[in-house]
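A quick write-up on the structure given underneath.
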Amino acid sequence: MNETETRAELIDPVLRAAGWGVVEGSRIRMEFPINKGRLIGHGQRIKPDKADYVLQYKNRNLAVIEAKARDKYYTEGVGQAKDYAGKLQVRFTYSTNGLQIYRVDMQEGQEGEVTSYPTPDELWEMTFLKSNEPNAELVEAWRDKLLSVPFEDRGGTWQPRYYQENAITKVLEAVANNQKRILLTLATGTGKTAIAFQIAWKLFQAKWTVRQAHHPAEQAERSPRILFLADRNILADQAFNAFSVFEEDALVRINPSDIKKKGRVPKNGSVFFTIFQTFMSGPSTSSGTAHKASSGTAHKASSGTAHKASSGIAQMISPLVTLEGREIEFPEIPETELAEVDSYGYMYILQCGDGSFYIGSTKNLSLRIEQHKSGEGANFTANHLPVKLVYYETFDRIDKAFEREKQIQKWSRAKKIALIQGDIEKLKQLSKSKLEKSVSEPVEGTPYFGEYPKDFFDFIIIDECHRGGANDESSWRAIMEYFSPAVQLGLTATPKRTINADTYNYFGEPVYVYSLKDGINDGFLTPFKVKQIDTTIDEYLFTSDDTVLEGEIEEGKRYTEAEMNRIIEIKEREEYRVKIFMSLINQSEKTLVFCATQLHALAIRDLINQYADSKNPNYCHRVTALDGKIGEQHLRDFQDNEKSIPTILTTSQKLSTGVDAPEVRNIVLLRPVNSMIEFKQIIGRGTRLFDGKDYFTIYDFVKAHHKFNDVDWDGPPEEPETPEPRPQPQPCAVCGHRPCICAQEPLPEPCPVCGYSYCRCGNPPRRMVKVKLADGKVRQFQHMISTSFWSPDGRPISAEEFLRSLFGALPELFKSEDELRTIWSKPDTRKKLLEELTEKGFAKQQLTEFQKILNAENSDLYDVLAYIAFHSDILERATRADKAKIHLDNYDPKQQEFLNFVLSQYVKQGVDELDDTKIGDLLILKYHAIADAKKELGDIATIRNTFIGFQTYLYDNRVAI
Numbered sequence: 035m036n037e038t039e040t041r042a043e044l045i046d047p048v049l050r051a052a053g054w055g056v057v058e059g060s061r062i063r064m065e066f067p068i069n070k071g072r073l074i075g076h077g078q079r080i081k082p083d084k085a086d087y088v089l090q091y092k093n094r095n096l097a098v099i100e101a102k103a104r105d106k107y108y109t110e111g112v113g114q115a116k117d118y119a120g121k122l123q124v125r126f127t128y129s130t131n132g133l134q135i136y137r138v139d140m141q142e143g144q145e146g147e148v149t150s151y152p153t154p155d156e157l158w159e160m161t162f163l164k165s166n167e168p169n170a171e172l173v174e175a176w177r178d179k180l181l182s183v184p185f186e187d188r189g190g191t192w193q194p195r196y197y198q199e200n201a202i203t204k205v206l207e208a209v210a211n212n213q214k215r216i217l218l219t220l221a222t223g224t225g226k227t228a229i230a231f232q233i234a235w236k237l238f239q240a241k242w243t244v245r246q247a248h249h250p251a252e253q254a255e256r257s258p259r260i261l262f263l264a265d266r267n268i269l270a271d272q273a274f275n276a277f278s279v280f281e282e283d284a285l286v287r288i289n290p291s292d293i294k295k296k297g298r299v300p301k302n303g304s305v306f307f308t309i310f311q312t313f314m315s316g317p318s319t320s321s322g323t324a325h326k327a328s329s330g331t332a333h334k335a336s337s338g339t340a341h342k343a344s345s346g347i348a349q350m351i352s353p354l355v356t357l358e359g360r361e362i363e364f365p366e367i368p369e370t371e372l373a374e375v376d377s378y379g380y381m382y383i384l385q386c387g388d389g390s391f392y393i394g395s396t397k398n399l400s401l402r403i404e405q406h407k408s409g410e411g412a413n414f415t416a417n418h419l420p421v422k423l424v425y426y427e428t429f430d431r432i433d434k435a436f437e438r439e440k441q442i443q444k445w446s447r448a449k450k451i452a453l454i455q456g457d458i459e460k461l462k463q464l465s466k467s468k469l470e471k472s473v474s475e476p477v478e479g480t481p482y483f484g485e486y487p488k489d490f491f492d493f494i495i496i497d498e499c500h501r502g503g504a505n506d507e508s509s510w511r512a513i514m515e516y517f518s519p520a521v522q523l524g525l526t527a528t529p530k531r532t533i534n535a536d537t538y539n540y541f542g543e544p545v546y547v548y549s550l551k552d553g554i555n556d557g558f559l560t561p562f563k564v565k566q567i568d569t570t571i572d573e574y575l576f577t578s579d580d581t582v583l584e585g586e587i588e589e590g591k592r593y594t595e596a597e598m599n600r601i602i603e604i605k606e607r608e609e610y611r612v613k614i615f616m617s618l619i620n621q622s623e624k625t626l627v628f629c630a631t632q633l634h635a636l637a638i639r640d641l642i643n644q645y646a647d648s649k650n651p652n653y654c655h656r657v658t659a660l661d662g663k664i665g666e667q668h669l670r671d672f673q674d675n676e677k678s679i680p681t682i683l684t685t686s687q688k689l690s691t692g693v694d695a696p697e698v699r700n701i702v703l704l705r706p707v708n709s710m711i712e713f714k715q716i717i718g719r720g721t722r723l724f725d726g727k728d729y730f731t732i733y734d735f736v737k738a739h740h741k742f743n744d745v746d747w748d749g750p751p752e753e754p755e756t757p758e759p760r761p762q763p764q765p766c767a768v769c770g771h772r773p774c775i776c777a778q779e780p781l782p783e784p785c786p787v788c789g790y791s792y793c794r795c796g797n798p799p800r801r802m803v804k805v806k807l808a809d810g811k812v813r814q815f816q817h818m819i820s821t822s823f824w825s826p827d828g829r830p831i832s833a834e835e836f837l838r839s840l841f842g843a844l845p846e847l848f849k850s851e852d853e854l855r856t857i858w859s860k861p862d863t864r865k866k867l868l869e870e871l872t873e874k875g876f877a878k879q880q881l882t883e884f885q886k887i888l889n890a891e892n893s894d895l896y897d898v899l900a901y902i903a904f905h906s907d908i909l910e911r912a913t914r915a916d917k918a919k920i921h922l923d924n925y926d927p928k929q930q931e932f933l934n935f936v937l938s939q940y941v942k943q944g945v946d947e948l949d950d951t952k953i954g955d956l957l958i959l960k961y962h963a964i965a966d967a968k969k970e971l972g973d974i975a976t977i978r979n980t981f982i983g984f985q986t987y988l989y990d991n992r993v994a995i
């Protein structure tokens, strides 16, 4: 009795007798799909995981059953059963041959033989044991009510993937358990917004509210009010569209223009969407004022951007400060944080390389910052490179921004630091101090979120919560603390690391984690390979035969990758790099190129268009904060899968997040990526599935590939190392601050000529150094490319590691070269061997890629395997074909003609031409019709025997030597 018969005759009747599929709310799901199977190339996947049975009750997966044929031992399926149970997060799993049943309790670690299956109610009680904890009945009631709400399947077009269902279940269980802060960690591209929607849907349908959670006996007065909070408009808009199944009047998009028009924040609705910058802005009573958050905390630079404030009101954004001794280092506000801003005037503060500050005002912040970074902004910043933006305020008129600039220029360094930190109290104290001249002080206003009652929202979803951070200076934190009565769900794509430990400290450990590696191995995300490209011009040392076109070169200095295109520009170097990756990529495939700065992205765009095969003027565009609405349109066209133009986009930072473009097949790194969080986000641009996309490729010119081998990348989230606590300095007895600021005198009055506190009139500006290389150097440029592979355990590895891993696996598949030759000589056994290699993580596409590294592209895959396993000589296919032809005399002339044709196809196309499924194609290609082929060669059986039998001569050791 085979497995199918065993299931139909011995297992199915027993399950029905236990009430499964009979009791209302119970279901038997057969061949339950768990994943899609990892992509392995050529449009193929490894065999997907499917559970023989999944037992469901009350919309919950409760158990997995793995069935084997009656004549097999009943525990043979235990390994699979445990694996599937772990993925589906069910407590009980079974293995059976129809005669005996083996049960495993995944939670308690108990396992053994049982005589029968439990009924649906019994299995429910076994899974959810009664608790003696206070409010246990209330928790159980809400858990059952929330989870019993069916998924909104959009008319049957959507079904949750197993990890999505796990995430939704874990969050709702936490809600039922009155957990106030909840965190989900799921890789980019795994559907976090869809998960958030289903959670909101179930809460809405169950009429769960914070009050109702504690007073279940009361009749629900209303549906829950839910807030979706993001840090970029594109993310809030995407979420708004994803929630479109809700009634139209239930959805509310909060934006500043509507608030300004109506004079109040919107309160009629059920699900609200906004970005935190909108919530943090709001009306005030004086011009140029910095807003203080309700909890006394200020807006953090890395949290996002500010919207235009009404009536010239400034929106303050201040970063988290790290103290090292007496020096204060502020993180830079990245370009992505400026993309949402729409204003008519800005006052900004730059921190220079020596720690000094530069204050300015402008109408175009992004452009102005780029000019400062390139040494073309002002004399002072040109002589104090590098510079970074650490603070800015927005105004509706440039003259008000200019007034604010002049005001802050008069402030002491201590007061500027307090402003950047957002410490209003310290600002007030310093204004009263003898150290500071009298200036007008900020007047506190009420941010828009403060116009809502603190208990207005029941549930808050914070998207990409790692970007806002949850430290005490964060804008996220100000909003979350204000709405502390609400249950708060953080969504993040980055595992716990030291850099984002504050987020995890605030929310706690994630209730569910699904990593990038999981997504790739399950086939829900696209795998990737890395081509590391090293050139002889990665670094630069000036020599006398080179020409300095602009700026002042520092002789004897070796300029590193981090300084290229920021401090020094070498056009020939960039041309060489562009030529390399343009020769490597398929130029019709959509590609993202990450550059050092916005100006660098502009230069690379021009070079790509110059060297591209396509002459379409829109082939490549730059998309940065400087490109405004035109850039946004180029991005939308790029994201449109129906459009092929633009094909390539260059950027510096903007496209590292929030870009959903499934067709991206190439990512080019022309700038260092120092943050693991940003690195994961950049890689996430290519992982989304798309028809015909087996993998995407990262072209790495800047040695970012070493981050792939970090434990951060491979393993599950780990606890970050806790830094040793340092004693806090005591407040100064004189000024009352720590560290003491008594010794910090105000800067002198600005020079009336150059406008700087320390006059720079006599110093020419330090511009970007531009160098033209000697012709001889350009001709000597060289580069080396190394390719990474995806390992069986789901991480990128080098070619050397791939070779070692494959070498270790081959002895399990064949013991000698004779055995390999016998297997490879027949299409059916050859196919089985390739399938076994694929199951072990060595897909044919990877083997073909490794062929290229061995310079064996014109050889047979057999030769690659024989070389790795036995160090045999590698022969070209043409050589094998020529030597096999000596056996053609064993066939009649018509068969010889056909076999010669087969050999020619084998030489040109490879071993795939020898697959028995190719016989029909070969016959049509040669004879144009199967009927004509049969007239020449005989019936199909005869043709097949000829086709297969001759293949042994190709691999005959006596011939191939």
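Just so we're aligned, residue 35 is where the sequence shown starts under our numbering, counting upward by one. We treat Cβ as the ideally placed atom computed from N, Cα and C, and that holds for glycine.
Can you check which of these residues, 701, 721, 143, is closest to residue 733 by C-alpha distance? 701
Does the separation of the CB atoms of residue 638 and residue 608 fall below 8 Å? yes
Taking the CB atoms as reference points, tell me whether residue 260 and residue 490 lie closer together than 8 Å. no
With three or more beta-carbon pairs closer than 8 Å as the criterion, would you say the stretch 615-623 touches the stretch 593-602? Judged by Cβ distances under 8 Å, the stretch 615-623 makes no contact with the stretch 593-602, as fewer than three pairs qualify.
Near residue 183, which residues of its chain fall below 7 Å by C-beta distance, leaving aside the five closest residues on each side in sequence? Cβ neighbours of residue 183 beyond the five flanking positions: 236, 239, 240.
Classification of residue 988 by the beta-carbon crowding that lies within 10 angstroms, buried from 16 upward: buried
For a minimum of 4 consecutive residues, which ranges assigned as the alpha helix (DSSP H) are wholly contained in the stretch 579-637? 605-618
Residue closest to residue 257, alpha-carbon to alpha-carbon, out of 243, 585, 58: Measuring from the Cα of residue 257, the nearest candidate turns out to be 243.
If we count the other Cβ atoms within 10 Å of its Cβ and call it buried at 16 or more, is residue 555 buried or exposed? Buried, because 16 or more other Cβ atoms sit within 10 Å of the Cβ of residue 555.
Take residue 304 as the anchor and find which of 68, 282, 314 has the nearest alpha-carbon. Comparing C-alpha distances from residue 304 to each of 68, 282, 314 shows the shortest one belongs to 282.
DSSP-derived helix/strand/coil call for residue 998: Because the chain spans 35 through 995 in this model, residue 998 falls outside it and cannot be assessed.
Spatial neighbours of residue 777 in its chain, beta-carbon cut-off 7 Å, leaving aside the 5 residues before and after: In this prediction, residue 777 has a pLDDT of 38, which is less than 50 and means its spatial position is unreliable; what the coordinates show is noted afterwards. Answer for residue 777: no residue qualifies.
Identify the continuous beta strand (DSSP E) that holds residue 139 and give its terminal residues. 135-139
Could you tell me if residue 795 is buried or exposed, where buried requires 16 or more neighbouring beta carbons within 10 angstroms of its beta carbon? Here the model assigns residue 795 a pLDDT of 46, short of 50, so the residue's position is not dependable, and the following value carries that caveat. By the neighbour-count rule (16 or more Cβ atoms within 10 Å), residue 795 is not buried but exposed.
With residue 672 as the anchor, note down where its beta strand (DSSP E) starts and where it stops. Counting along the chain, residue 672 falls outside any beta strand (DSSP E), though it belongs to the alpha helix (DSSP H) covering 662-673.
With DSSP as the reference, please indicate the residues paired to residue 215 in a beta bridge. 522
Quick check: the Cα distance between residue 253 and residue 169, rounded to an integer number of angstroms? 19 Å
Pull up the distance between the alpha-carbon of residue 146 and that of residue 110, whole angstroms please. One C-alpha to the other measures close to 13 Å.
Look at the alpha carbon of residue 942 and the alpha carbon of residue 911, and state the distance between them as a whole number of angstroms. 8 Å
Over the uninterrupted alpha helix (DSSP H) stretch that includes residue 260, give me the two end residues. Per DSSP, residue 260 lies in no alpha helix (DSSP H) segment; the continuous beta strand (DSSP E) that holds it begins and ends at 260-264.
With a cut-off of 8 Å on the beta carbons, I'd call residue 704 and residue 659 a contact; round off their distance for me. About 18 Å; that fails the 8 Å criterion.
Rounded to whole angstroms, what is the Cα-Cα separation between residue 397 and residue 714? 34 Å
If you reduce the DSSP assignment to three classes, tell me which class residue 120 lands in. Three-state result, residue 120: helix.
What do you get for residue 163, buried or exposed, if any count of 16 or more other CB atoms within 10 angstroms of its CB means buried? Label assigned to residue 163: exposed.
Taking residue 636 and residue 611 to be in contact with their CB atoms under 8 Å, please state how far apart those CB atoms are, rounded to whole angstroms. Not confirmed; about 15 Å, so no contact.
Hey, is the stretch 261-278 in contact with the stretch 292-299, meaning 3+ C-beta pairs nearer than 8 Å? The stretch 261-278 vs the stretch 292-299: no contact.
Is it right to say residue 2 is buried, meaning 16 or more other beta carbons lie within 10 angstroms of its own, or is it exposed? The structure shown has nothing for residue 2, since the chain only spans 35 to 995.
In angstroms, rounded to a whole number, what distance separates the CA positions of residue 174 and residue 308? Each residue's Cα considered, the two are about 33 Å apart.
Just to confirm before moving on: does the CB-CB distance between residue 672 and residue 727 stay below 8 Å? no
Compare the C-alpha of residue 209 against each of 521, 286, 450 and name the closest. 521
Proximal residues to residue 996 (C-beta, below 6 Å), its chain only, five neighbours per side dropped: This structure does not reach residue 996, given that the chain is present from 35 up to 995, and the question cannot be answered.
Reduced DSSP secondary structure (H/G/I, E/B, other) of residue 728: Residue 728 falls in the coil class under three-state DSSP.
Coil, strand or helix - residue 557 by DSSP: Three-state DSSP puts residue 557 in coil, outside helix and strand.
To the nearest whole angstrom, what separates the beta carbons of residue 696 and residue 675, a pair I think is in contact under 8 Å? Yes, they are in contact, since the Cβ atoms of residue 696 and residue 675 sit about 7 Å apart, within 8 Å.
I need the straight-line Cα distance from residue 215 to residue 411, nearest angstrom please. 45 Å
Can you find a CB in chain C that lies within less than 8 Å of the CB of residue 393? Given the protein chain composition of this structure (a single chain), no chain C is represented.
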